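Here is the structure we will look at.
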Amino acid sequence: MSTTVLGIIWGLAILAWVAIRMPRRRKAKKRKVVAHQRSLWERTALGLCILGLFVFPFAYFLSGWPAGANYRPSIAQSLLGVAALGAFLWVFYLAHKQLADNWSVTLEVRENHTLVQEGLYRYVRHPMYSSFWLWGLGQALIVPNMAAGLAGIASVALLYFTRVNKEEDMMRNQFGQDYETYSQKTGRIIPKLTAFQR
């Protein structure tokens, strides 16, 4: 596939991401926050995600920069990247739909927050993060530039590893033993084999 075609596919995936996320974001702002762990570091990590998943690949597709890191991807690699981006969008959409009014872009617990354990949440505690890992993988495969392609995975890793423990602590504080029991049955971002036996 040509760089132009890959750029169009990447751009369409970004537009789909925005179409899924923005209505949820507007709706979430209407619900009262009862607890949070927002911090300068979290805002920084989210900002770095924007750089790694949007700005860097956009700059590459627009200008070819940094040209020294370019390579020619195989058709198989490009198709795997398209499949990973498709999987990302599907998981991302379902996670938003199933989390419903409990979703928040930052580390927050909202009024009448519930512990969702159905749909994807029956198998993993953090399908939203699962979708972001798929996004980073898809970007690494579809952007034919080592720096711009891998920027997504690097920024997702930074966000995930600095945030997931705090998020789980908030859930334990909010839901106590119910969350402990739930976390024993489910994986964080990859399902446990036992999850399919229920």
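Each residue of the sequence shown is one higher than the one before, starting from 1228 at the first, in the numbering used here. Cβ coordinates follow ideal geometry from the N, Cα and C atoms, glycine included. Here the structure is a predicted model, which means the values were calculated and not measured.
Please name the residue, chosen from the options, that lies closest to residue i on a Cα-to-Cα basis.
i: L1386; options: L1334, I1235 and I1417; result: L1334
i: D1396; options: V1351, V1336, G1363 and V1282; result: V1336
i: R1252; options: K1324, Y1287 and A1303; result: K1324
i: L1420; options: A1240, R1349 and E1269; result: R1349
i: E1338; options: Y1356, G1414, N1329 and Q1344; result: N1329
i: Y1409; options: A1367, V1351, A1381 and I1416; result: V1351
i: A1286; options: M1355, E1345 and G1238; result: G1238
i: G1295; options: E1345, N1400 and M1373; result: M1373
i: A1327; options: Q1344, G1363, A1314 and S1305; result: Q1344
i: T1413; options: H1353, N1400 and Q1401; result: H1353
i: F1319; options: L1275, A1303, G1346 and I1236; result: G1346
i: M1355; options: A1322, I1302, W1362 and Q1304; result: A1322
i: R1248; options: I1302, S1331, Q1411 and S1290; result: S1331
i: A1314; options: L1361, S1266 and L1289; result: L1361
Over the uninterrupted alpha helix (DSSP H) stretch that includes residue i, give me the two end residues.
i: E1407; result: Q1404 to K1412
i: L1307; result: I1302 to L1326
i: R1265; result: Where R1265 is concerned, there is no enclosing alpha helix (DSSP H), given that its DSSP letter is neither H nor E.
i: S1290; result: F1283 to S1290
In its own chain, which residues sit with a C-beta less than 7 Å from the C-beta of residue i, not counting the 5 before and 5 after it?
i: G1403; result: none
i: P1371; result: T1230, L1233, N1297, Y1298, R1299 and P1300
i: E1269; result: T1333, L1334 and R1390
i: G1279; result: A1378, G1379, A1381 and S1382
i: G1308; result: G1365, L1368 and I1369
i: S1357; result: V1318, V1351 and I1416
Can you name, in chain order, every residue of its own chain whose Cβ lies under 6 Å from the Cβ of residue i, other than the five neighbours on each side?
i: I1277; result: none
i: F1283; result: A1375 and A1378
i: L1312; result: A1240 and G1365
i: F1359; result: V1383
i: M1398; result: Y1406
i: Q1401; result: V1336
i: L1242; result: none
i: P1418; result: Y1350 and V1351
i: G1363; result: G1379, I1380 and V1383
i: G1291; result: none
Tell me residue i's beta-bridge partners as DSSP assigns them.
i: V1351; result: G1414
i: N1297; result: N1372
Can you give me the Cβ contacts of residue i inside the same chain, cut-off strictly under 8 Å, excluding the 5 residues immediately before and after it?
i: F1281; result: I1241
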